[in-house]
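Enquirer:
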Amino acid sequence: MDAEALARRLEEIPRVRLVHEPTPLELLPRLSAAIGRPVYLKRDDAIGPAMGGNKARKLEYLLADALRRGHRRVVTYGGPQSNHARITAAAARRLGLEPHLFYFAPRPPRLTGNLLLNDLLEAHMHFLPFGGTSRPRSIAWTDFLVRLLAWLRVGPHYFIPVGGRSVLGGLGYVRAAMELHQQAQAEGLGSAWVVVAVGTGGTLAGLWAGLTLLQSPLRLLGIDVGALWKNFPKTIARLAEQICARLGEPHRFPITEVPLIERTYVGPGYGVPSPQGNEALRRLARTEGILLDPIYTAKAFAGMLDRIENGQLGEREPVIFLHTGGLPALFAFEG
Ligand SMILES: Cc1ncc(COP(=O)(O)O)c(C=O)c1O
Numbered sequence: 013m014d015a016e017a018l019a020r021r022l023e024e025i026p027r028v029r030l031v032h033e034p035t036p037l038e039l040l041p042r043l044s045a046a047i048g049r050p051v052y053l054k055r056d057d058a059i060g061p062a063m064g065g066n067k068a069r070k071l072e073y074l075l076a077d078a079l080r081r082g083h084r085r086v087v088t089y090g091g092p093q094s095n096h097a098r099i100t101a102a103a104a105r106r107l108g109l110e111p112h113l114f115y116f117a118p119r120p121p122r123l124t125g126n127l128l129l130n131d132l133l134e135a136h137m138h139f140l141p142f143g144g145t146s147r148p149r150s151i152a153w154t155d156f157l158v159r160l161l162a163w164l165r166v167g168p169h170y171f172i173p174v175g176g177r178s179v180l181g182g183l184g185y186v187r188a189a190m191e192l193h194q195q196a197q198a199e200g201l202g203s204a205w206v207v208v209a210v211g212t213g214g215t216l217a218g219l220w221a222g223l224t225l226l227q228s229p230l231r232l233l234g235i236d237v238g239a240l241w242k243n244f245p246k247t248i249a250r251l252a253e254q255i256c257a258r259l260g261e262p263h264r265f266p267i268t269e270v271p272l273i274e275r276t277y278v279g280p281g282y283g284v285p286s287p288q289g290n291e292a293l294r295r296l297a298r299t300e301g302i303l304l305d306p307i308y309t310a311k312a313f314a315g316m317l318d319r320i321e322n323g324q325l326g327e328r329e330p331v332i333f334l335h336t337g338g339l340p341a342l343f344a345f346e347g
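Quick note on the working numbering: the sequence shown kicks off at 13 and runs consecutively.
(1) Just the C-alpha distance for A104 and G323, rounded to the nearest angstrom, thanks.
(2) Could you please give the first and the last residue of the uninterrupted beta strand (DSSP E) stretch that includes P340?
(3) Looking at C-beta atoms only, is the number of pairs between the region 215-223 and the region 252-266 that lie closer than 8 Å three or more?
(4) Ignore the nearest five residues each way along the sequence and tell me which others in F139's own chain have a CB closer than 7 Å to its CB.
(5) According to DSSP, is I172 part of a helix, a strand, or is it coil?
(6) Taking 8 Å as the cut-off, is the CB of Y89 close to at least one heavy atom of ligand 1?
(7) Got a sec? Which residues, its chain only, sit under 7 Å from N66 by beta carbon, not counting five neighbours each side?
(8) Tell me, please, whether the region 14-25 touches the region 159-167 by the rule of three or more beta-carbon pairs shorter than 8 Å.
(9) Does the Cβ of G326 lie closer than 8 Å to at least one heavy atom of ligand 1?
(10) Cβ of L303 within 9 Å of Cβ of A297?
(11) Write down the C-beta distance between A239 and Y308 rounded to the nearest angstrom, noting that I regard them as a contact closer than 8 Å.
(12) Are L127 and P168 touching if we call contact CB-CB under 9 Å?
(13) Compare the Cα-Cα distances from S228 to each of G211, Q197, V210 and G234 and report the closest residue.
(14) Quick check: the Cα distance between F265 and F171, rounded to an integer number of angstroms?
(15) Can S94 be considered in contact with ligand 1, in the sense that its beta carbon sits closer than 8 Å to one or more heavy atoms?
(16) With a Cβ-Cβ cutoff of 9 Å, do A97 and N130 count as a contact?
(17) Examine ligand 1 and report whether any of its heavy atoms sits within less than 8 Å of the Cβ of G348.
(18) Give me the DSSP bridge partner(s) of G108.
(19) Do P236 and I273 have their C-beta atoms closer together than 9 Å?
(20) Which partner residues does E300 have in the DSSP bridge list?
(21) Out of T124, R27, V331 and R84, which has the shortest C-alpha to C-alpha gap to G108?
(22) Once the 5 residues before and after R275 are set aside, which same chain residues still bring their CB inside 8 Å of it?
(23) How would you call R319, buried or exposed, if buried means at least 16 neighbouring beta carbons within 10 angstroms?
(24) Any idea what DSSP makes of R159, helix, strand or coil?
(25) Let me know if N95 comes out buried or exposed under the rule of 16 or more other beta-carbons within 10 Å of its beta-carbon.
(26) Assuming G279 contacts Q288 (C-beta within less than 8 Å), just tell me the rounded distance between them.
(27) Grab the span of the beta strand (DSSP E) containing L233 for me, first residue to last.
(28) Quick one: what's got a C-beta closer than 7 Å to T247's C-beta in the same chain, skipping five residues either side?
(29) Using a 10 Å radius around the Cβ and a threshold of 16 neighbouring Cβ atoms, would you call T321 buried or exposed?
(30) Output needed for L123: all residues of its chain with C-beta closer than 6 Å, excluding positions within five of it in sequence on either side, in chain order.
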């Protein structure tokens, strides 16, 4: 399927405009020289709203659905420094909707980082001092639990799964795959690697579906930053299949081909910065003056550098790192 045909399919699905697109694809000249191959950043951190990040693309489809169904309140949830929750709050406010954010954590004495921004956006934050666990969970079960609690606390609402991870949300990254495929072709990047941080897997599934439908030569690699979910590769393969089916282009994605490195670069755990990630963050800041976040992009960037340096990411092909945002979390980890 060519990009125009895919664009036509996407046009049939309701979407609200929240993002500045196309986001830039930038060469990192000093880092590339140091590494010995071209490294690019795809700047989805510069996408808006309220300091941006990957969730904005997903919310264009999800919130269009909320409006279409006549909802006034939007519910979602995440970890205490969830970027998804903050971007949902901003996008909901922009559309005149009421954001409700749930956290499985006690209310912290001081609101920092994303929580501070939620407060400025006057989002309703519901802190539940139970249910937090560091053991892998089922995504479906956690979504169900929050849905139930939200019915009791908030009443009728539009529910957005964790991380905006759903078929509709995934369409945002099918659009992004199309955008990136066209930019990479224009730059002559051939079969470049595309590396992305993986939290709930929705971004990876959308990109995988999009690049596959386009038969793009770009090669994808997701780096897990959380070790959060049970049967993670299987859920990603199923989601990519459902996204293609929604676009009327059924496709099978074998579990054995899910482009995901699980656990290796997670460090101490989800939501906790890792020494390797912090070093990668400092390296990009020092060489290019560009910041990453400590929870997602820094760990994935560290994984990318490690694999390049160990010859595990092809040989001389260009590498594109998808900067998925998350910068407010920097201010929640002073020192
Ligand atoms: C900054 C950032 N990068 C990457 C991700 C991972 O995206 P996904 O949940 O779609 O895997 C998230 C959210 O989870 C995020 O906030």
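Built from N, CA and C at the ideal position, the CB exists for glycine as well.
Expert: Short version:
(1) Just so you know, the alpha carbons of A104 and G323 end up roughly 44 Å apart.
(2) Run containing P340: none; DSSP gives neither H nor E here.
(3) Segments in contact, yes.
(4) Result list for F139: Y115, A117, P118 and R119, in chain order.
(5) Judged by DSSP in its simplified three-state form, I172 adopts coil rather than helix or strand.
(6) For ligand 1, not one heavy atom lies less than 8 Å from the Cβ of Y89.
(7) Taken in chain order, the residues that qualify are D56, T215, T336 and G337.
(8) No, the region 14-25 does not touch the region 159-167.
(9) Here the distance from the Cβ of G326 to the nearest heavy atom of ligand 1 is not below 8 Å.
(10) Yes, these two residues count as a Cβ contact at 9 Å.
(11) In fact, because the Cβ distance is near 13 Å, the residues do not count as touching under 8 Å.
(12) Their beta carbons are not under 9 Å apart, which means L127 does not touch P168 by this criterion.
(13) The residue with the shortest Cα to Cα distance from S228 is Q197.
(14) So the two alpha carbons sit approximately 27 Å from each other.
(15) Under cutoff, so the answer is yes.
(16) Result yes, Cβ atoms of A97 and N130 sit closer than 9 Å.
(17) The requested residue 348 is not part of the displayed model; the chain covers only 13 to 347.
(18) According to DSSP, which records beta bridges pairwise, G108 is partnered with nothing at all.
(19) Per the sequence presented here, residue 236 reads as Asp, with Pro not at that position. The answer is yes: Cβ separation under 9 Å.
(20) Answer is none; E300 lacks a bridge partner.
(21) Among T124, R27, V331 and R84, the Cα nearest to that of G108 belongs to R84.
(22) The residues are D236 and A239.
(23) Here R319 is buried. Its C-beta has 16 or more other C-beta atoms within 10 Å.
(24) Correct three-state label for R159: helix.
(25) In this structure N95 is buried. Its beta-carbon is surrounded by 16 or more other beta-carbon atoms within 10 angstroms.
(26) Between the beta-carbon of G279 and that of Q288 there is about 7 Å, and that keeps the pair under the 8 Å contact cut.
(27) If you look at L233, you'll find it in the beta strand (DSSP E) that goes R231 to D236.
(28) Spatial neighbours of T247 in its own chain (CB-CB distance under 7 Å, excluding positions within 5 residues in sequence) are listed in chain order as I151, G213 and W241.
(29) A small fix is needed here, since residue 321 is Glu in this sequence, not Thr. Per the 10 Å Cβ criterion, exposed.
(30) Closer than 6 Å at the Cβ level, and outside the excluded window around L123, lie D131.
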